[in-house]
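So the structure is just underneath, and the comments pick up after that.
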Amino acid sequence: MSSSRRQYPFHLIEPKWQSAWEQQQAFRAFNPGETVPVGHPFGIRHGLSGKVADRKILPEKYYILDMFPYPSGAGLHVGHPEGYTATDILARYRRACGLNVLHPMGWDSFGLPAEQYAVKTGQHPRVTTEANIANFTRQIKSLGFSYDWSRELATTDVEYFKWTQWIFLKLYNSWFNPETNKAEPIETLKYPENLQTVDDQVGRVAPRAPSSPATGSDELDSARRAYRDSKRLAYNAELPVWWCSEMGTVLANEEVIDGRSEVGNFPVVRKPLRQWVLRITAYAEKLLADLDTIDWSDSLKEMQRNWIGRSEGAEVKFQISNSESEITVFTTRPDTLFGATYMVLSPEHTLVQTITTDSQKIAVRSYQNEIAGKSDRERTDANKAKTGVFTGAYAINPVNGEKIPIWIADYVLTGYGTGAIMAVPAHDTRDFEFAKKFNLPVVQVVQPTDPKKDWQGYTDDGTAVNSGFLNDLPTPEAKAKISAWLEEKGLGKKTINYKLRDWLFSRQRYWGEPFPLIWKTDAGGDLYHEALPESSLPVLPPHLDDFRPTPGDKPQPPLGRAKEWANLTDGSTRELNTMPQWAGSCWYYLRYTDAKNSTAFVGKEADNYWMASNGKAAGVDLYVGGTEHAVLHLLYARFWHKVLFDLGYVATPEPFYKLVNQGLILGETEYTQFTTEDGNLVSAALIKDISEEATPSGPRLIGAHKTTGVKVFGQRISAELVEPKSQGTVLRNNPQIEVDARSQKMSKSRGNVVNPDDVLVEYGADAFRLYEMFMGPLQDTKPWNTKGVEGVYRFLGRAWRLFVDEKSETAFEQAETTTDPSKHAELLDLILLDGGITDMDATPAQLKTLHACIKKVTEDLEGMRFNTAISAMMVFINEAMTWQTKPLPVMKTFLQLLAPFAPHIAEELWARLHSTFGLQATSLAYAPWPKYDPALLVESEIEMPVQVNGKFRDTIKVAVAADNAAIEAAAKASEKVQVFTAGKTIKKVIIVPKRMVNLIVA
RNA sequence: GCCGGUGUGGCGAAAUGGCAGACGCACAGGACUUAAAAUCCUGGGACCUUAAAACGUCGUGCGGGUUCGAGUCCCGCCACCGGCACCA
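Numbering follows the working numbering, in which position 213 of the first sequence is assigned residue number 236; successive positions increment by one, without gaps.
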């Protein structure tokens, strides 16, 4: 491969144009108020050269965004450029269409991956991060993306995280007002009567800064402070959190998967710890409802809905027998209250100690201990048999006064609802299992609509039975009636519950944003926290020689090692935790719109122009990235954005209007042959239950013989040993034996990672870009195939040869072999344009070919169907290769279509066309997008398929203008058709104009 | 278990309800070449028949339905991928 002749000199063309674009800052986007430099192609195109780009004269904006990468040490992966190429193509297309395109790039450089890499290499995170950014920058620039690099940012830049800290202060200094249903400055918080001061009572807004001298008593002051702190959007609380002892830090719910850390795959345990938390639950309803206003895929919206987990139901109070205490439960089925035959508390429920009877104390305590020793994974395994213990206490069912036993069981979770349930075994699967195991009564209260269905364990809607005043009501009506009844009697009320938990926002790590907070001690000796003033931002992290986390079972933030930094002269101490990875990515898209602003996180004018409505849907116009951020980044960023919106800092309620997830790129196809234990080959066609098994030497496939059931083992074999046959892929030297062919996720351990650098050396950036788009629909998962790169590379070669004179290229290649490589770029001038290209009018056939291509490419770009757009250009080239003469206007227009996809080769040929014909070469990047002329696509005669009884039999040629009678006659005249109509009567003729004819015979 | 998505040649894939398989890969044959690479040309869903073809039959995961006509719409299954999961 590497020895073969280059299709075209991409190795010279690509660097040439990349530096040309960089020099003239070709892709710089202009903000309102900026001056467009004289000679900038954007200014030339829009008549703004040398002018101040006032909002009124700027063209419409288009903000197209990539999810910025973590600059990991591993470098760019082929998955990154997939999304980046798609957005780049669209950015270039929209620019050609005349829009002011914002297309930025930056680095998500704080956080665990960057830090872990630093720990591994023993260098300071700042050093490794900078080196990694440099490498990512080199790789991304070598792909020729049209980013506005003047807006580049890294979340680790001091000038950036200063504003991350500033936004945190806004969260800290705000509360969610349920009356106005939005976040407001903490100063508007109303205190309960017993905490009110004279100021509050006369209705004045308390202007006192938290540190100003107390006017009332110290106790009142600290009680007010405690109340205020409990209402902040960023609050400090002790709560059960995920602790990862390996990493020495706490993690958010979203960062824990199946009881292990998402990063590093370490075990995590639940433990109660005092931490910083963001009140994202206050926005649960808005985060859910506003999904309906944005253009995301159904699956992605569903994932967010799932994570938010809204469920409507009722809270019901149960009196405990012979006690003052009550148990409140949450249920989505209040209509089944008559069927509640027992109650269950979670083992950690606070009432358990109080209500347990003496005779049950030992059993209850030992059950609680048993549960405490279990991992969350073991606890929540739904397949596990139910366990539980009776507390000895009873509750009164409020609807029928019956005494029902109170149990504790680990199938009731502390963290959801009230941590207690009423059990209705007849109509809840879990309660039913539990009741069967412990012989608890099962009472039917719902009759299935289908009388053949068993009512036991029936969980769907039906009709109420054995339910007193609810009898005969369908489930929805029964729900409404019982809810009203409960409310009236003061026994309960309708409620909505969410699975979403508040966002655990502190980490015990070094490589993150420090909190702009300090801790003080009040007169009573209690610790309290206070925000630093905005003027003290940025809060820089201290210098540390040892920045590694502290593994173990208690949080010991590395920042605590910097004693001088941590202890302030006034006796207060700094908050030692840092913010999580996700903080920086929550608002980077806003910073891009005004990246150099030193007085605000983003200027109003910039936000209004790039993010606001433009008379249509608001926010980032298109955001492309992987699904892995479906619930983390995308939920957090929406939350921050909504807070900033409520507080009046941004103009739109949602950040990302349209979002597309690119699909995963899998590794090259892997072939596996199977043998039995004694080494006999078995055809893959005869094997069932093929699955992957981990072995010390890596994963391998295993399966079982379809008929005998004998176990078979897979061995990876190289692609050279197999060949395709009609039945499947078989062994070259033994075609009876079919092999298994499948693709796997790229991973270091599998050794199937494709490095973009290698592909670029071999085929160039344009071919690489084109291949990633040609593989299939952007959203789909698809396997990498290096042969496929060669296919599009050949296409670019054909396009090149369509334009250049072959003899001159041979001369160029020979000159290259005898010239110093540093001078090769100059040799490009040896290559001449093909003599067949002339400035003449195109033939109707040529125009038709061109305009069909314009139409298809334009429509496919609008629909993000890059693969079919590329195939349309291939069709054009295949056709144009047969032309004797090549009209200049046709050739130029084709280059415009090609430019978004393969910008380097297109620019090069564009420049050559212009200079050869003595034309002024305007930048191809800003040349107006061609429009197709429908008139040129009209045919005088068309082919129509003829069917007989719905079966295709022949095609006929008819004039476009032919009427139905003429078409029918032509169809009947066809000999091939007559074979099937002979001797039969034609009962009906269906003619779809320009489409087909169908003759129905009997 | 629940939710979302996908299922078409040897492979990646195309197809506003109207000629299934565009385009590309791989493969086979040919031209050029001392030879190879590169390039150019040609071929191809399966089956039946055949020297080759024509004709014919079948064909978009499976079973039904709607329709003159279904890969596409509807109903019921199956498989795979992704997410959630003892969430009351």
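Glycine included, C-beta positions come from ideal geometry on N, C-alpha and C. Nothing here was measured: the structure is a model prediction, and the numbers come from that model.
- 9 Å or more divides the Cβ of residue 169 from the Cβ of residue 89.
- When the five nearest sequence neighbours on each side are left out, the beta carbons in the same chain lying within less than 8 Å of the beta carbon of residue 482 are those of 450, 451, 452, in order along the chain.
- Inclusion of residue 680 and residue 642 in the CB contact set at 9 Å is warranted, their separation being smaller than that value.
- Beyond the five residues adjoining it in sequence on each side, residue 101 comes within less than 6 Å, by CB distance, of 688, 777, 779 in the same chain, given in chain order.
- For residue 551, the beta-bridge partners assigned by DSSP are 543.
- Boundaries of the beta strand (DSSP E) around residue 354: 349–354.
- Note that the C-beta distance between residue 76 and residue 59 is below 9 Å.
- Of the candidates 268, 402, 793, 830, 830 places its Cα closest to the Cα of residue 855.
- Contact holds between the stretch 725–739 and the stretch 707–714, because three or more Cβ pairs, one in each stretch, are under 8 Å apart.
- For residue 73, the secondary structure class from DSSP, reduced to helix, strand or coil, is coil.
- Within 10 angstroms of the beta-carbon of residue 617 lie 16 or more other beta-carbons, which makes it buried.
- With respect to residue 131, residue 659 sits apart: the two C-beta atoms are not nearer than 9 Å.
- Rounded to whole angstroms, the Cβ separation of residue 206 and residue 670 is 6 Å, and the two are in contact under 8 Å.
- Of the candidates 615, 665, 838, 615 places its Cα closest to the Cα of residue 174.
- Assignment of residue 109 by DSSP, reduced to helix, strand and coil, places it in the helix class.
- Remark: three or more beta-carbon pairs, one from each stretch, lie closer than 8 Å, so the stretch 946–956 and the stretch 111–121 are flagged as touching.
- Taking a 10 Å sphere around the C-beta of residue 191, we find 16 or more other C-beta atoms and assign the residue as buried.
- If you look at residue 926, you'll find it in the alpha helix (DSSP H) that goes 926–939.
- Boundaries cannot be given for residue 679, as no beta strand (DSSP E) includes it and DSSP labels it neither H nor E.
- Boundaries for residue 582: no alpha helix (DSSP H) harbours it, and the DSSP string shows neither H nor E there.
- Annotation note: the stretch 271–299 contains no uninterrupted alpha helix (DSSP H) run of length 4 or greater.
- Membership of residue 267 in the beta strand (DSSP E) is indicated by the continuous run 257–267.
- Distance between residue 842 and residue 836, taken at the CA atoms: about 10 Å.
- By the beta-carbon neighbour count (other beta carbons within 10 angstroms, threshold 16), residue 328 is exposed.
- Restricting attention to 990, 881, 305, 79, the CA atom closest to the CA of residue 666 is found in 305.
- Secondary structure at residue 466: coil, using DSSP grouped into helix, strand and coil.
- The C-alpha of residue 962 lies about 7 Å from the C-alpha of residue 983.
- Note: residue 531 is not bridge-paired with any residue in the DSSP secondary-structure output.
- Of the candidates 259, 252, 219, 317, the residue whose Cα lies closest to the Cα of residue 240 is 219.
- Residue nearest to residue 575 within the set 213, 955, 266 is 266 (criterion: CA-CA distance).
- Under the three-state reduction of DSSP output, residue 47 falls in the coil class, being neither helix nor strand.
- For residue 555, the CB contacts under 7 Å within the same chain, skipping 5 residues up- and downstream, are 539, 540, 541, 562 in chain order.
- About 7 Å separates the CB atoms of residue 94 and residue 137; that is less than 8 Å, so the two are in contact.
- Taking all protein chains in view, the Cβ of residue 925 is crowded by 16 or more other Cβ atoms within 10 Å, so the residue is classified as buried.
- Judged by DSSP in its simplified three-state form, residue 600 adopts coil rather than helix or strand.
- Annotation: residue 212 to residue 193 spans about 15 Å, alpha carbon to alpha carbon.
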